Each structure stands twice: as structure tokens, then as C-alpha cells.
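The next block holds one structure in the form of C-alpha cells; read it before the comments.
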Amino acid sequence: MTSTEKTVSLVLGSGGARGLAHIGVIHWLEEHGYRIKSISGCSMGALIGGIYAAGKLNEYEQWVRSVTRRDIMALLDLTWDKGGLVRGDRLIETLVDLVGDVRIENLPVHFTAVATDLQTQKEMWINRGRLFDAIRASIAIPLLFTPFRYKDHVLVDGGVLNPVPIAPAFNDDADLTIAVNLNAPVSDEAVVSTAVEADDDAESPIRDRINRFIQRLQQSMSNGKKRDWDTYDVAIEAFDTMQSSITRHKLAAYPPDLLIEVARNACQLLEFNRAAEMIDLGYRKAEESLGGRR
Numbered sequence: 104m105t106s107t108e109k110t111v112s113l114v115l116g117s118g119g120a121r122g123l124a125h126i127g128v129i130h131w132l133e134e135h136g137y138r139i140k141s142i143s144g145c146s147m148g149a150l151i152g153g154i155y156a157a158g159k160l161n162e163y164e165q166w167v168r169s170v171t172r173r174d175i176m177a178l179l180d181l182t183w184d185k186g187g188l189v190r191g192d193r194l195i196e197t198l199v200d201l202v203g204d205v206r207i208e209n210l211p212v213h214f215t216a217v218a219t220d221l222q223t224q225k226e227m228w229i230n231r232g233r234l235f236d237a238i239r240a241s242i243a244i245p246l247l248f249t250p251f252r253y254k255d256h257v258l259v260d261g262g263v264l265n266p267v268p269i270a271p272a273f274n275d276d277a278d279l280t281i282a283v284n285l286n287a288p289v290s291d292e293a294v295v296s297t298a299v300e301a302d303d304d305a306e307s308p309i310r311d312r313i314n315r316f317i318q319r320l321q322q323s324m325s326n327g328k329k330r331d332w333d334t335y336d337v338a339i340e341a342f343d344t345m346q347s348s349i350t351r352h353k354l355a356a357y358p359p360d361l362l363i364e365v366a367r368n369a370c371q372l373l374e375f376n377r378a379a380e381m382i383d384l385g386y387r388k389a390e391e392s393l394g395g396r397r
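Heads up: the sequence shown begins at 104 in our numbering, then just goes up one per residue.
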């Protein structure tokens, strides 16, 4: 460590595809003399943080920058399970192929994934065992992904209870705690993409229905303009609203040393085809928030 390098406990929040902004934040920190010593994250924050801790963020970034909406559809292994629309096995298998099947306790960076235990209605901090078991539990967005059974627990997205999980960082021996909130107030600066990529031929009526669902999510506006609301709109907006409210209370109770915020209308839940935009946005937000503090 150089004399000017600061160690960081990095807290990465939930927010679906907005979480790709975490990659840009990490790049900015590394380029400006910060060393990430530990990471706590939930949902997409757990996914990005875990892959970074495993030393494979560059490989993941190259992959996700090439993802199209068609690819997103291919990764959705639909299920008739009443617990959710997607099992998530295909996505996790793809990531294991990319990153490797590693254990959290063997990572060079201390890592904690936060999930929500439906039975106890409490947070679960996962900092041992298979990395992608922890990630799969933490990304189990209600309605979309089926809950994940982990040992004797039924787990869903950590953002249900703690969208910016600062508490796991309390005992970290780092110079700074830096948190990234992806549920900041709606911003007029956010660019909402309306581009629609060419579709594959529908493989079945149910896949065609889910395809339309993904399209609607990607084209859905969350900036207060008048629109027609359907069931999925209401469910996703309600989840975002809940996370925004919880985040405000958590940050007021446990403020980090430094906070980077991304507006919740920066992109929609499954717009992973906008990776380049979100990564650039995360880098810019880090510069705006931290650039004058060195």
C-alpha cells in the first residue's frame, strides 16, 4: 500500500440493472488510489461485489457489455413454480462458467452477501460457503426469481429489508466506508432508453408473454409521466418505492463516510443491455461525489 492509498469498506446496494453502475464506481476507486478491503452487498450489489472479490470483474464486464435483450431472454429459465417466474439456474451456471465455483472464505477480499429470510423476517448475512449460493439468494427479487433454499432457510432479495447493507461493514478495519445507493430520488438527468432490439421467434406462448413483459419493463417510465399501469408495473414500482423508503431510513441511522447515489430511474430492472451506459454513469457519479475529496 502506498502512503496515499486509502483502504475502503465498500457497500453496494440493490437496484437490478442499475447495479451495473457499481462497476464504474469500482473502476474510479481503483484509478484514484483507493484499495477495496471488504465488500458487503445485496441483490445486484452482491453479484458485482462477489465477482470483484473473486478477481473476475473484467471478464464479467466484457461479457455484460455484449449482452442484448435477446441474451437476457435466453438466460430466463421459466418455471411453473408459484414462487416466481424464473428459477435462475441458467444465469448462475453461466456466471459460474465465467468466474469459477469459488468459496467466499477463500476470496482475497472479505465479502458478505445480504439476503432476506422469509421465515424469520430477518436479514441473513452470508460470508461463508459457495459464492454463487450467496449471490443467488441475494438476487431473488420477489415475483421475478423463485426463493432460494439455503440450508434450512428460504431466502429472497436482500433489498427487501436492507437495500444498502452498511451494518456488515461496522467491524471492518478500513479507512473509509463508501456506500453506493441505487435508489436515489428520480432525476431529470436519467436517460430512459426506448430502443427495442429485434426479437427471436417466440419459442412458446409463455415465452412470448414473458418477452412482452421484459419489453414493458424496459420501456416503462418511472419519472412521473402519465401512463397506463398494469400488474407488473405496480409490483415493480411498489418494490422500488419500498426500497427507496427503507434506504432513506437506513442511511439516516447508519450514515457511511462517503455516499454515491444513482437515481432510481437511471434504468429499469432488467435493462442489462444498457451496461455501457450504466458503467459510465457509475464512474461519473463517483467522480462527482468523491473527486474533490482527495
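Ideal placement from N, C-alpha and C gives every residue a C-beta, glycine not left out. Since this is a predicted model, take the numbers as computed values, not measurements.
query	result
beta-carbon residue 185 near the ligand FMN non-hydrogen atom, thresh 7 angstroms	The ligand FMN is absent from the structure shown, which contains no ligand whatsoever.
Neighbourhood of residue 263 by C-beta distance below 6 angstroms, restricted to the same chain and skipping five residues each side	219
Uninterrupted beta strand (DSSP E) stretches inside the segment 339-392 (no shorter than 3 residues)	361-366
Buried versus exposed call for residue 391 [16 or more other C-beta atoms within 10 Å across all chains shown]	exposed
Exposure label - residue 366; buried when at least 16 CB within 10 Å	buried
DSSP state of residue 130 mapped onto helix, strand, coil	helix
Residue span of the alpha helix (DSSP H) that contains residue 53, given as start and end	This structure cannot speak to residue 53, because the chain is shown only from 104 to 397.
Residue 179 versus residue 243: straight-line alpha-carbon distance, rounded	13 angstroms
DSSP-derived helix/strand/coil call for residue 261	helix
Close beta carbons around residue 201, own chain, < 7 angstroms, minus the five adjacent residues each side	159, 162, 163, 166
Alpha-carbon spacing of residue 114 relative to residue 198, whole angstroms	21 angstroms
Inter-residue CB distance, residue 281 and residue 363 (contact presumed, cutoff 8 angstroms)	7 angstroms
Complete runs of the beta strand (DSSP E) confined to the segment 202-248 [at least 3 residues]	213-220, 225-229, 246-248
Coil, strand or helix - residue 161 by DSSP	helix
Cut-off 7 angstroms between Cβ atoms - residues of its own chain near residue 341, not counting five sequence neighbours on either side	none
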